[in-house]
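Following the working numbering, the numbering of the sequence shown begins with 91 at its first residue and continues without gaps. Every residue gets a Cβ at the ideal spot worked out from N, C-alpha and C, and that includes glycine.
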Amino acid sequence: VWFDITRPSELFSNAGYPKDADMSDNNFLANIPEGIFQSIKWIDRTYPRTPIIITENGVEDSDDHLRPRFLAQHIHQVWRAVNFNWPVKGYFHWSLVDNFEWERGWTQRFGLWGLDIDTQKRIRRPSVDLYAEICKENGISSEMVQKYCPEVFDKLFPS
């Protein structure tokens with residue numbers, strides 16, 4: 091990401107994602123799970139043994155096609171970091187329910203639960219169940235990946 095004076099609607103930033111990146115609904119975010127691993131690594135090297143709590147990791151995905159694999163792949167990278175004994179103490183998915191984004195209003199759907207703006211009714215997305223299982227088991231299993239995002243099974247559990 092770099093500063094770009096010509097992009098005020100993008101908070102003056104320009105993201106240089108790989109051309110083949112798995113992109114979110116509005117092409118706002120790319121699914122690059124290795125990035126969270128590299129960020130944790132950088133934090134531990136820059137601020138050794140400082141506890142790390144990941145407070146906002148998610149993707150806009152109104153139809154919940156990308157979110158299951160995004161979630162599984164990112165949690166897998168956090169697990170990799172923990173196996174390096176880096177002090178990751180917590181992970182919070184962004185977000186529980188669709189929310190109002192200051193620069194984009196209601197155009198991005200980050201929630202595990204969808205939200206009908208007019209009625210305020212919550213709409214259950216499949217990722218709710220995946221995240222609930224991850225939290226209950228305190229980890230991600232091959233069975234979860236096979237059930238919710240089999241397309242990334244071989245990447246996460248190579249034989």
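Check: K211 C-beta below 7 Å from any heavy atom of the ligand COA: Among the ligands in the structure shown, none appear at all, so the ligand COA cannot be discussed.
Under 8 Å between C-beta atoms of P123 and Q163: yes
7 Å CB neighbourhood of L161 in its chain, flanking five on each side removed: H183, S217, L220, Y221
Spatially closest choice to W196 from I143, N175, V235, D151, by CA coordinates: D151
Distance, F174 Cα to N189 Cα: 34 Å
Continuous alpha helix (DSSP H) stretch holding G125: start and end: 124-136
Exposure label - I95; buried when at least 16 CB within 10 Å: exposed
Contact belief for C239 with P158 at Cβ below 8 Å, rounded distance in angstroms: 4 Å
Helix, strand or coil at H166 [DSSP, three-state]: helix
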